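Numbering (full-length UniProt numbering), first residue to last: 1 to 358.
For each residue, glycine too, the CB sits at the ideal point set by N, CA and C.
All values reported here derive from a predicted model rather than from experimental measurement.
As structure tokens, the structure follows; a few thoughts come after it.
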Amino acid sequence: MESNSKWLDAHYDPVAGLNTFSSCIVLADLHGDGEFKMVVADLGSGSYNMKLRVFKGTSLMSENALLDLPTGVAAFLMDQNEPRTPAIAVASGPFIYIYKNLRPYFKFTLPAMEVNPLEKEVWDQAKEDKIDPVTLKEMLEGIRDKAEIPLSVRSLRFMMLEQQEMEAFVNTYKQQLLKRQTVITCMGTLKKNMADEDAVCCLVIGTENGELFILDPEAFTTLTRVSLPSVPSLLDVTGQYDIEYRITVACRNGNVYILRRDSKRPKYCVELGAQVVGLVRVQKNIMIGTSQETLYGYSQKIPLLVPGLKYPFETYVECCSDKGISDIIKVFVLREGKSTPLITAHINMPVSEGLAAA
1 MESNSKWLDA HYDPVAGLNT FSSCIVLADL HGDGEFKMVV ADLGSGSYNM KLRVFKGTSL
61 MSENALLDLP TGVAAFLMDQ NEPRTPAIAV ASGPFIYIYK NLRPYFKFTL PAMEVNPLEK
121 EVWDQAKEDK IDPVTLKEML EGIRDKAEIP LSVRSLRFMM LEQQEMEAFV NTYKQQLLKR
181 QTVITCMGTL KKNMADEDAV CCLVIGTENG ELFILDPEAF TTLTRVSLPS VPSLLDVTGQ
241 YDIEYRITVA CRNGNVYILR RDSKRPKYCV ELGAQVVGLV RVQKNIMIGT SQETLYGYSQ
301 KIPLLVPGLK YPFETYVECC SDKGISDIIK VFVLREGKST PLITAHINMP VSEGLAAA
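In structure tokens:
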């Protein structure tokens with residue numbers, strides 16, 4: 001960190017060897033004794049040595065190997081059983097790995113997506129040896145350029161191969177069922193029906209295909225599934241699922257949306273000129289950090305304005321004149337307690353002769 005920075009290091013260890021993101025770090029009372037541990041999903045080298053590590057203070061307590069790169073970690077209570085110890089959820093690819101007492105307990109898999117029928121047809125032809133690998137690649141490229149349904153990961157990987165690698169790839173995968181799955185991009189927790197700190201929580205996950213899932217904490221069935229305008233990257237969740245909740249979602253298109261319990265689609269919130277790197281709700285305010293090293297604060301009391309749309313306002317205008325009467329009325333819309341106007345308008349309104357005479 002630069003010497004002239006305004007920030008202080010809470011802890012700095014250059015040999016810790018941790019490679020992770022903030023979404024892969026969580027504090028949890030793992031043993032129900034009131035002592036919180038830091039749980040970290042370590043990315044390792046990026047291709048191997050991925051581990052789930054638990055720290056007490058700055059000391060490593062335990063670690064478990066992870067099968068794939070993690071994208072998020074959450075601690076949540078699945079049931080009312082005693083002792084009240086949380087489970088750890090690790091999102092990785094299309095899977096969520098659940099750990100109880102730091103031991104593998106359950107694996108949830110995202111629902112499979114619809115496969116492009118033309119893509120399936122050409123792979124069936126390859127399976128029956130009706131077309132060679134070069135023809136298969138040409139046909140897949142033609143489908144990709146015009147397809148409404150995106151191609152599967154298998155086809156995308158195949159089209160990236162060199163010609164000498166194609167035949168071995170086709171022979172390896174042509175007998176396997178063609179599937180198309182999305183991956184998890186972000187994850188959070190939502191209280192089920194109570195606001196208590198040790199209440200049972202649902203998992204909330206965002207996916208690469210622009211969807212948001214709320215999962216039942218016991219059966220891991222889908223309670224709610226909502227489509228978003230873009231790929232979600234960050235979540236902030238408040239409320240209870242059975243009563244009322246709000247999910248604030250930052251997406252890759254630079255926009256922030258709000259989803260409520262009774263809404264079938266997210267409500268547009270604010271458009272930013274940069275990617276969101278941090279998001280948190282503080283009471284009725286939303287604090288947003290962007291990649292331009294800027295921190296924004298938004299209040300829901302005042303509607304956020306979108307350029308180009310018309311917003312009708314009704315207000316009482318008191319006529320004040322000083323050394324004559326002006327034809328221009330100046331209107332200012334202020335936030336309560338603030339002097340900086342949110343909106344200013346100059347309205348040209350000719351004064352009638354009767355008013356002028358008065």
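Cβ neighbour criterion (16 or more within 10 Å) applied to residue i
i	result
ALA112	exposed
TYR105	exposed
LYS323	Reliability of the predicted coordinates at LYS323 is poor, the pLDDT of 49 falling under 50, and no value is obtained from them.
TRP123	buried
ASP236	buried
ASN285	exposed
LEU355	Low per-residue confidence applies at LEU355: pLDDT is 48, beneath 50, and the placement is therefore not dependable, though the value from the model is reported in the following sentence. With fewer than 16 Cβ atoms within 10 Å of its Cβ, LEU355 is classed as exposed.
ASN49	exposed
TYR245	buried
VAL282	exposed
PRO217	buried
TYR99	buried
TYR268	exposed
ASN4	exposed
THR248	buried
PRO117	exposed
Range of the contiguous alpha helix (DSSP H) that encloses residue i
i	result
ALA126	117-127
LYS137	133-146
SER155	153-159
Straight-line gap, residue i to residue j (C-alpha atoms, nearest Å)
i	j	result
ILE302	LEU234	No answer about ILE302 holds up, because its pLDDT of 47 lies below 50 and its placement is not dependable.
LEU228	HIS11	38 angstroms
LYS137	SER92	29 angstroms
THR222	ASN171	36 angstroms
SER352	SER299	Below a pLDDT of 50, predicted positions are generally treated as unreliable, and SER352, at 49, falls in that range; the measurement from the model is reported next regardless. Their backbone Cα atoms lie some 41 angstroms apart in a straight line.
LEU60	VAL134	51 angstroms
LEU8	GLY210	37 angstroms
GLU114	SER155	14 angstroms
LEU295	LEU178	45 angstroms
SER22	GLY44	15 angstroms
GLU162	THR189	43 angstroms
PHE36	LEU102	14 angstroms
PHE108	TYR97	7 angstroms
THR224	LYS6	43 angstroms
residue 387	LYS146	The structure shown does not extend to residue 387, since the chain is modelled only from 1 to 358, so the question has no answer here.
GLY17	LEU259	38 angstroms
PHE213	GLU293	30 angstroms
VAL153	ARG261	34 angstroms
PHE169	GLU271	44 angstroms
TYR257	VAL226	12 angstroms
SER47	ASN19	12 angstroms
GLU121	MET38	49 angstroms
ARG180	ILE143	15 angstroms
PHE220	GLN80	16 angstroms
LEU215	ARG157	31 angstroms
MET78	GLY32	14 angstroms
ALA250	ASP132	44 angstroms
GLU167	MET287	52 angstroms
Beta-carbon proximity of residue i to residue j, cut-off 7 angstroms
i	j	result
GLY273	PRO232	no
PRO70	ALA41	yes
LEU52	LEU67	no
GLY72	MET159	no
CYS201	PHE76	yes
GLU208	THR182	yes
LEU151	GLU119	yes
SER291	VAL277	yes
LYS174	LYS130	no
ARG252	SER230	yes
Range covered by the beta strand (DSSP E) that runs through residue i
i	result
ASN171	Taken as a continuous stretch (DSSP letters only), ASN171 belongs to no beta strand (DSSP E), being part of the alpha helix (DSSP H) at 163-173.
ARG252	That residue, ARG252, is in no beta strand (DSSP E); it is neither H nor E in DSSP.
PHE108	103-109
VAL282	276-282
GLY239	232-240
LYS51	51-56
PHE36	Unbroken run through PHE36: none, as it is neither H nor E.
PHE76	72-76
LEU223	222-227
TYR296	295-299
ALA199	Run containing ALA199: none; DSSP gives neither H nor E here.
TYR268	267-271
Quick check: the stretch 188-200 against the stretch 239-247, are there 3 or more CB pairs under 8 angstroms? yes
Counting pairs of Cβ atoms below 8 angstroms between the stretch 81-90 and the stretch 20-32, do you hit three or more? The stretch 81-90 is in contact with the stretch 20-32.
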